[in-house]
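These notes are about the structure you will find just below.
In my numbering, the protein residues as written are 983 to 1676.
Printed below as a string of structure tokens:
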């Protein structure tokens, strides 16, 4: 007899806001230590195992296949910083990196800073958050998380003796920076309930952390804070950031007990960040420049009245990032949705772009720890090119490939095809979409396709390589990455048009891309025009995680008929209830993304699309939902409640399964091999639905 699906008990809890009554039958699942809750989650896991039993062999084969593409003994490209070469390496069978350095040249003896394999041995989860070496190269500060709640413990190590200092500082935000005196560090503390970093402390090495000085406390819970150190090493910074406003405070690193100065005070709708070179600060700012511009100001006067443009403005180009060198400025910009690199020589403002020949790619500034060099490290990847590290001589304009990530098993990028299209939306916008498939795949509607998007917080989703994805492409899948509104791929307005009272655009964009992918279209192939169709609705899969899981929940309610299956990873689906509870981690810092439901307009708008609130009696696609019991970003009870309600309401006989990792959080399992299980689970789910168990 087939195992029946778990049925969550109904325990109604009634909410009334602005005359609207909502009944939440599964609110009781918000009790992570309750035996009844844990029993229910375990029952869901058992049901998942039963439903996926026929695919277990497929999942095991996929794990072995994906793992087989990974070069187990591997090393990153060393970078130079303060007289040392720093790199990380993976040992045979190692789940975690080993962080190392060599003095002067690569031929010197290796010095192990941190061996995360030893540190994480016997733990179900382990993650190094940050590490920083003192200016005299003798001391190491590092942070680690052993639970997956992103609450990091700060420790110190003497690199000469290898001994750890006795102090342990718990519940930090994970960041740590040294002052120039080689004994003082600055770190952030988190509120253990909301998980917001809200305090900055100063610690003197060798002293009791209980006596650490509180340097700054943020009382506006819509802001996060971070500690930084300028690339020049001259300044320590406190960055205060919300979705729509920021503030920077700075201190001379040589005088760590002095008072921090405010660069300019926070202003509504003004975002800026600061770097230092010579006698000037450089400011990336959206002040009177929605797509950002780069300005400069003397170190002695940071008032806006002293700001001047560092270079000619291009208002239509989105300035994503920048890096400062003694003789050059490097800009990471977005044009047509793709990230590009522009190099400017300070002396005469002569400039040029680095050229790339693939239709969809990602080029980003790499690790450049030193300013007095003409050499730029940059990273390049695409849907067909593994992550590659280049060194570019800005004076001679020549690139040298230092490393392309090895992909074992006979991989050749020439076996795959990348396309980039712009899909016309229902309101006449053009949505970028990057597509990849194996040569020979028939584009006649018979190929299965995985469509992925995110579309929130201005986080752009760039076309990057995935060795794991080859397991789908080699089995005839097409993969489509959709740059829907809510990201910043097409500039700041793209983000503005996908948040707050315009959030519905994100969902409509995804659906419009689905419609494009499932309908015939005319394409240019060589010199001929042909009719193509990437997939059909009975072979189309949709996937998104976190806020992308919200996207999945919304499109399932709006157009469930379009998808064979949906994968919702750690999905944010209970928007109204979560955003109404300021004690839930990250709620208050996201009012600028979703709105505050204490305002009637935002409440009613959120209610109109919140996936959990809009589940109704209708047929839904096959659905796989994943979560983690210790998730710090989207609490486990959101997907658990959603699955319970879907199961009670849906009218179909399609699969609805949920897997809860009882020992992990938002990012899933830690370690480079353990995380493969999550990917293989998703792939096996799709292949099983297509009748392709391996």
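Heads up, the beta-carbon is just placed ideally off N, CA and C, and yes, glycines get one too.
Check whether the Cβ atoms of residue i and residue j sit closer than 9 Å, and answer yes or no.
i	j	result
residue 1594	residue 1572	no
residue 1454	residue 1398	no
residue 1533	residue 1466	yes
residue 1449	residue 1389	yes
residue 1574	residue 1224	yes
residue 1231	residue 1117	no
residue 1674	residue 1451	no
residue 1555	residue 1524	no
residue 1570	residue 1564	yes
residue 1366	residue 1344	no
residue 946	residue 1372	Coverage of the chain is limited to positions 983 through 1676, which leaves residue 946 absent and any answer about it impossible.
residue 1708	residue 1307	Because the chain spans 983 through 1676 in this model, residue 1708 falls outside it and cannot be assessed.
residue 1218	residue 1234	yes
residue 1143	residue 1172	no
residue 1607	residue 1550	yes
Kindly list the residues whose CB is nearer than 6 Å to the CB of residue i, restricted to its own chain and excluding five residues on each side of it in sequence; keep chain order.
i	result
residue 988	1025, 1026, 1029
residue 1123	1114, 1138, 1158, 1167
residue 1316	1300, 1302
residue 1311	1326
residue 1289	1277, 1279
residue 1244	1231
residue 1204	1224, 1570, 1571, 1573
residue 1156	1111, 1112, 1125, 1134
residue 1605	1548, 1638
Apply the 10 Å Cβ neighbour rule to residue i and answer buried if 16 or more other Cβ atoms are within range, or exposed otherwise.
i	result
residue 1553	buried
residue 1442	buried
residue 1298	exposed
residue 1098	buried
residue 1538	buried
residue 1185	buried
residue 1094	exposed
residue 1668	buried
residue 1197	buried
residue 1240	exposed
residue 1140	exposed
residue 1481	buried
residue 1088	exposed
residue 1257	buried
residue 1247	exposed
residue 1048	buried
residue 1006	buried
residue 1017	exposed
residue 1253	buried
residue 1642	buried
residue 1074	exposed
residue 1237	exposed
residue 1664	buried
Leaving aside the five residues before and after residue i along the sequence, list all residues of the same chain whose C-beta is less than 8 Å from its C-beta, in chain order.
i	result
residue 1541	1493, 1496
residue 1503	1513, 1514, 1515
residue 1334	1324, 1325, 1379
residue 1583	1483, 1577
residue 1420	1397, 1398, 1399, 1455, 1456, 1458
Suppose the cutoff is 7 Å on Cβ atoms and the five residues either side in sequence are ignored; what does the same chain contact list for residue i look like?
i	result
residue 1350	1305, 1358, 1359
residue 1499	1431, 1433, 1462, 1516, 1517, 1522
residue 983	Caution applies to residue 983, whose pLDDT of 38 falls short of 50 and renders its modelled position unreliable; the model cannot decide the point.
residue 1274	1266, 1267, 1268, 1300, 1301
residue 1406	1412
residue 1053	1388, 1390
residue 1636	1602, 1603, 1604
Completely contained beta strand (DSSP E) runs for the stretch 1047-1083, where each covers 3 or more residues: 1061-1063, 1066-1072
With contact counted as at least three CB pairs below 8 Å, one residue from each stretch, are the stretch 1616-1634 and the stretch 1574-1588 in contact? no
Pairs of beta-carbons, one from the stretch 1468-1478 and one from the stretch 1417-1431, closer than 8 Å: are there three or more? no
The stretch 1160-1177 in contact with the stretch 1142-1149 per 3-pair CB rule at 8 Å: no
Determine contact between the stretch 1003-1013 and the stretch 1413-1420, defined as no fewer than three beta-carbon pairs at a distance below 8 Å. no
Whether or not the stretch 1051-1060 and the stretch 1031-1042 are in contact is what I'm after, with contact meaning three or more pairs of Cβ atoms, one per stretch, closer than 8 Å; do they touch? no
Complete beta strand (DSSP E) runs within the stretch 1465-1549 (minimum length 3 residues, chain order): 1503-1507, 1510-1514, 1522-1527
My parser needs the alpha helix (DSSP H) runs of 4 or more residues fully inside the stretch 1545-1608; what are they? 1557-1561, 1573-1576, 1582-1591
Uninterrupted beta strand (DSSP E) stretches inside the stretch 1315-1376 (no shorter than 3 residues): 1320-1327, 1333-1335, 1343-1347, 1357-1364, 1370-1375
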